[in-house]
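Accompanying notes for the structure given below.
There are 2 protein chains.
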Amino acid sequence: MAVTIKDVARAAGVSVASVSRALNGRDNVTDATRHRILEVATRLRYRPNDAARSLITKRTRTIGAVLPDLHGEFFSELIRGIDVAARARGFHVLVSSSHGDSDETSAAIRAMQGRVDGLLVMSPHVDATFLHESLPDALPVVLLNAPPDRSRFPALHLDNHGGALAMTRHLLSRGHRRIAMIGGPAGNLDADERRRGWLDALAEASLADDAPFFDGDFSEASGHAAGQRIAALAQRPDAVFAANDMMAVGCLIALGERGVRVPGDVALAGFDDVPIARYVSPQLTTVRVRIADLGRAAFERLVAELEAPGTRPVRAEVLPCEIVVRASCGRCPERTA
Amino acid sequence: MAVTIKDVARAAGVSVASVSRALNGRDNVTDATRHRILEVATRLRYRPNDAARSLITKRTRTIGAVLPDLHGEFFSELIRGIDVAARARGFHVLVSSSHGDSDETSAAIRAMQGRVDGLLVMSPHVDATFLHESLPDALPVVLLNAPPDRSRFPALHLDNHGGALAMTRHLLSRGHRRIAMIGGPAGNLDADERRRGWLDALAEASLADDAPFFDGDFSEASGHAAGQRIAALAQRPDAVFAANDMMAVGCLIALGERGVRVPGDVALAGFDDVPIARYVSPQLTTVRVRIADLGRAAFERLVAELEAPGTRPVRAEVLPCEIVVRASCGRCPERTA
DNA sequence: TCGCATGATGTAAACGTTTACATCATCCTA
DNA sequence: TAGGATGATGTAAACGTTTACATCATGCGA
Numbered sequence: 070m071a072v073t074i075k076d077v078a079r080a081a082g083v084s085v086a087s088v089s090r091a092l093n094g095r096d097n098v099t100d101a102t103r104h105r106i107l108e109v110a111t112r113l114r115y116r117p118n119d120a121a122r123s124l125i126t127k128r129t130r131t132i133g134a135v136l137p138d139l140h141g142e143f144f145s146e147l148i149r150g151i152d153v154a155a156r157a158r159g160f161h162v163l164v165s166s167s168h169g170d171s172d173e174t175s176a177a178i179r180a181m182q183g184r185v186d187g188l189l190v191m192s193p194h195v196d197a198t199f200l201h202e203s204l205p206d207a208l209p210v211v212l213l214n215a216p217p218d219r220s221r222f223p224a225l226h227l228d229n230h231g232g233a234l235a236m237t238r239h240l241l242s243r244g245h246r247r248i249a250m251i252g253g254p255a256g257n258l259d260a261d262e263r264r265r266g267w268l269d270a271l272a273e274a275s276l277a278d279d280a281p282f283f284d285g286d287f288s289e290a291s292g293h294a295a296g297q298r299i300a301a302l303a304q305r306p307d308a309v310f311a312a313n314d315m316m317a318v319g320c321l322i323a324l325g326e327r328g329v330r331v332p333g334d335v336a337l338a339g340f341d342d343v344p345i346a347r348y349v350s351p352q353l354t355t356v357r358v359r360i361a362d363l364g365r366a367a368f369e370r371l372v373a374e375l376e377a378p379g380t381r382p383v384r385a386e387v388l389p390c391e392i393v394v395r396a397s398c399g400r401c402p403e404r405t406a
Numbered sequence: 070m071a072v073t074i075k076d077v078a079r080a081a082g083v084s085v086a087s088v089s090r091a092l093n094g095r096d097n098v099t100d101a102t103r104h105r106i107l108e109v110a111t112r113l114r115y116r117p118n119d120a121a122r123s124l125i126t127k128r129t130r131t132i133g134a135v136l137p138d139l140h141g142e143f144f145s146e147l148i149r150g151i152d153v154a155a156r157a158r159g160f161h162v163l164v165s166s167s168h169g170d171s172d173e174t175s176a177a178i179r180a181m182q183g184r185v186d187g188l189l190v191m192s193p194h195v196d197a198t199f200l201h202e203s204l205p206d207a208l209p210v211v212l213l214n215a216p217p218d219r220s221r222f223p224a225l226h227l228d229n230h231g232g233a234l235a236m237t238r239h240l241l242s243r244g245h246r247r248i249a250m251i252g253g254p255a256g257n258l259d260a261d262e263r264r265r266g267w268l269d270a271l272a273e274a275s276l277a278d279d280a281p282f283f284d285g286d287f288s289e290a291s292g293h294a295a296g297q298r299i300a301a302l303a304q305r306p307d308a309v310f311a312a313n314d315m316m317a318v319g320c321l322i323a324l325g326e327r328g329v330r331v332p333g334d335v336a337l338a339g340f341d342d343v344p345i346a347r348y349v350s351p352q353l354t355t356v357r358v359r360i361a362d363l364g365r366a367a368f369e370r371l372v373a374e375l376e377a378p379g380t381r382p383v384r385a386e387v388l389p390c391e392i393v394v395r396a397s398c399g400r401c402p403e404r405t406a
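These protein sequence lines map, in sequence, to chains A and B. Numbering of the first sequence is given in this note's numbering, commencing with residue 70 and proceeding in unit increments. Numbering of the second sequence is given in this note's numbering, commencing with residue 70 and proceeding in unit increments.
Here it is in structure tokens:
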């Protein structure tokens with residue numbers, strides 16, 4: 070049988086109330102008493118029972134992270150960011166990596182009810198309405214990279230639009246005029262925003278009209294397919310901007326197979342800055358997203374909500390990206406934020 | 070105020086005991102009563118309070134996963150494997166990605182006390198003694214890729230030795246005689262086992278004596294450095310077996326920079342089968358480890374311990390690896406298990 | 001010296017379950 | 001038909017905390 074607060078009280082010759090007060094740092098305890106209690110508690114290796122505490126405080130000091138099927142690096146970095154921030158504040162993290170469909174997501178959310186003080190939810194393609202049904206009004210939620218809507222939930226986004234805008238501007242500044250894009254899966258928010266950034270930058274240069282766009286789905290294979298089509302084009306683009314690195318890598322390989330040189334014949338850029346980006350040849354120019362920061366920021370936003378519900382406006386925050394210039398878009402030593 | 074078991078009892082016209090029995094599937098409840106209770110419970114959207122339940126049952130239906138700093142793919146796959154298995158059995162997963170030092174690991178373990186029914190702990194380099202101090206005797210623990218010892222904990226291992234043995238044998242079967250290895254960090258169990266497998270295979274062919282060994286630390290940079298030294302060697306090896314894929318990639322790049330062709334001049338193999346392995350050129354021959362399976366198996370082992378403590382012998386289980394033959398070791402169409 | 005404010009400490013209720021035990025109705029057997 | 005076995009249901013204790021409230025001692029001003 071584990072040692073309880075009663076054992077500590079008895080051993081210290083005080084009441085359980087005093088033990089509770091001393092251990093929770095309340096001020097209405099004599100220093101002498103507190104000291105004695107603390108000493109006894111450590112000697113007895115006392116550990117408060119979280120269940121009993123939660124039962125009465127209605128707090129678990131645990132948050133849930135509900136994530137879709139993410140590629141390894143994104144997933145691990147995100148969890149890492151969340152976990153580090155959570156630990157710093159004495160919170161625990163319950164994970165659920167839901168595999169795609171929204172039924173499973175809402176099942177996971179339901180299962181977490183009562184075990185968590187709040188939820189971090191990432192669901193890049195589903196529309197948020199199902200969330201409103203799955204979630205009890207009382208539970209604080211922060212959305213990650215979720216579609217913008219007039220939701221009652223605060224949300225955090227990577228600046229997909231800004232990153233794509235900056236990258237396309239960069240390519241334009243290098244003298245490229247005909248800049249193609251390989252897009253991501255239909256209905257994916259990140260993909261849409263990246264496409265929008267690309268288009269906006271082209272529009273600034275009055276080049277948006279017949280800009281070549283190729284469908285993709287974020288997979289290396291779809292990038293490869295797009296690369297093949299690009300290689301076969303009568304009028305090849307000066308540059309190709311893939312909506313993520315995996316497609317850029319696929320495209321790079323396809324171009325190589327067709328004898329199209331990068332960056333000699335065509336410049337190439339990606340998005341995400343996955344580790345692979347540094348290992349392909351030429352190294353890939355890309356947009357770096359600070360994923361761990363996204364996780365950390367989301368957690369902090371959630372904690373703010375927990376500690377002072379409703380005090381901060383429910384709005385979307387945007388985390389900046391930075392472009393990372395490497396060899397695949399030609400010799401460009403500078404690195405722009 | 071949330072709806073409690075009392076509300077359900079009142080609405081169904083029975084006692085709380087009957088509600089509890091009905092909801093927990095006990096057999097001593099009339100079908101009629103059970104049905105009525107269930108109906109009322111769903112109508113009222115009743116959700117049992119986990120804290121109250123845990124308080125009395127001493128169970129949380131949650132397990133903790135304490136993981137070191139792993140590369141993205143390994144981390145996410147492992148969590149995924151654990152999570153899927155856990156969800157199937159109605160368990161939750163508390164994660165903690167400790168960043169290296171064992172102080173933090175044991176802090177994480179301590180923090181999880183009382184919140185979890187059992188622990189999955191991965192700590193490839195620390196010696197397991199500190200675990201014995203950090204862990205209460207009562208808490209079931211399964212170790213992942215931990216050093217073998219006369220521990221009281223069951224453990225699961227990837228078959229690092231077997232994988233390296235199989236890969237080295239494969240290289241030998243392709244006619245390579247002088248097979249170098251780039252090793253992993255000192256004191257790392259996986260690295261040691263892989264080296265041992267390589268040595269054992271060489272010993273079988275009486276080639277172990279002056280086999281070239283290069284130090285590495287699992288980083289791409291250390292592989293690159295080793296590659297440079299290999300390229301500069303007067304008597305180059307026929308093949309290089311890197312203890313992980315990242316070092317193999319680094320080595321590949323270094324060799325390419327020095328004009329050493331792979332697989333023409335030297336064959337190359339790695340370990341892990343990370344996604345990058347397929348995207349380098351030539352594609353990398355490597356040892357595939359089924360990480361999600363490792364997570365799943367570890368969870369199942371832990372659950373077995375939870376449900377029938379001490380019934381299964383405390384011993385180490387080993388999960389097989391398979392070698393994946395690609396272009397980097399020359400044209401070898403077959404794929405061996 | 002009395003009464004009162006102040007501050008430390010104790011008492012006990014409450015949180016929402018599960019479950020041992022008591023109770024009660026029903027059915028079967030003698 | 002009495003009485004015992006069986007099985008459904010109810011009662012209440014228990015789990016280990018936190019916290020509102022009561023109590024008590026102390027010090028201070030009048």
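Positions of the beta carbon are idealized from the N, C-alpha and C atoms, including for glycine.
Check	Outcome
Three-pair Cβ contact test at 8 Å for the region 323 to 341 of chain A versus the region 293 to 305 of chain A	yes
Contact set between the region 335 to 353 of chain A and chain B, restricted to residues whose Cβ is under 9 Å from the partner	Val343, Pro344, Ile345, Arg347, Tyr348, Val349 and Ser350
Three CB pairs or more closer than 8 Å across the region 130 to 146 of chain B and the region 117 to 128 of chain A	no
Inter-residue Cα distance where the pair is Gly187/A and Arg116/A	24 Å
Residue-chain proximity (Glu142/A, chain B), Cβ-Cβ < 8 Å	yes
Same chain, Cβ closer than 7 Å to Pro382/A, neighbours up to 5 away in sequence not counted	none
The region 375 to 389 of chain B contacting the region 337 to 353 of chain B, beta-carbon criterion three pairs below 8 Å	no
Cutoff 7 Å; reference Ala80/A; Cβ partners in own chain excluding five residues on either side	Val109 and Leu113
Within-8 Å CB hit, Thr405/A to chain B	Here the model assigns Thr405/A a pLDDT of 41, short of 50, so the residue's position is not dependable, and the following value carries that caveat. Chain B, which has no Cβ nearer than 8 Å to the Cβ of Thr405/A, makes this no.
Residue-chain proximity (Glu369/A, chain B), Cβ-Cβ < 8 Å	no
8 Å Cβ cutoff, Ser89/B in contact with chain A	no
Val393/B vs Asp362/B beta-carbon contact at 8 Å	no
Coarse secondary structure for Leu324/A, derived from DSSP in three states	helix
Cβ-heavy atom distance, Glu386/B to the ligand SAH, below 7 Å	Among the components of this structure there are no ligands whatsoever, and the ligand SAH is therefore not found.
Proximal chain B residues relative to Arg184/A, where beta-carbon distance stays under 7 Å	Asp119 and His161
Cβ-based contacts, 8 Å cut-off: residues of the region 146 to 157 of chain B near chain A	Glu146, Ile148, Arg149, Asp152, Val153 and Arg156
Stretch pair the region 227 to 242 of chain B + the region 254 to 271 of chain B: three plus CB contacts closer than 8 Å	yes
Identified DSSP bridge partners for Phe310/B	Met250/B and Ala338/B
Inter-residue Cα distance where the pair is Ser397/A and Gly319/A	13 Å
Phe144/A vs Gly141/B beta-carbon contact at 8 Å	yes
Residue-chain proximity (Ser165/A, chain B), Cβ-Cβ < 8 Å	yes
Where Arg357/B sits in the DSSP three-state scheme	strand
Met236/A to Glu374/A span [Cα, whole Å]	34 Å
Closer than 7 Å at the beta carbon, the chain A residues around Arg116/B	Gln182 and Gly183
Beta-carbon separation (whole angstroms), Ile149/B vs Ser242/A, contact threshold 8 Å	A small fix is needed here, since residue 149/B is Arg in this sequence, not Ile. The Cβ separation is near 41 Å, so there is no contact.
Closer than 8 Å to chain B by CB, Ser288/A	no
Three-state secondary structure assigned by DSSP to Leu227/B	strand
Interface flag, Leu276/A vs chain B, CB-CB below 8 Å	no
Arg404/A - DSSP class collapsed to helix/strand/coil	Here Arg404/A scores only 42 on pLDDT, less than 50, and its place in the model is too uncertain to base an answer on.
Proximity test, Cβ basis, 8 Å: Leu124/A and chain B	yes
8 Å Cβ cutoff met for Arg365/A and Ile132/A	no
Contact the region 330 to 340 of chain A vs the region 303 to 313 of chain A: 3+ CB pairs below 8 Å	yes
Straight-line gap, Pro402/A to Thr355/A (C-alpha atoms, nearest Å)	Low per-residue confidence applies at Pro402/A: pLDDT is 45, beneath 50, and the placement is therefore not dependable enough to give any value.
Pair within 8 Å by beta-carbon distance, Arg246/A and Asp307/A	yes
Cβ-based neighbour list, Asp286/A, same chain, cut-off 7 Å, excluding 5 preceding and 5 following	Gly253 and Pro254
Own chain partners of Asp284/B with C-beta closer than 7 Å, once the 5 adjacent residues on each side are dropped	Gly252
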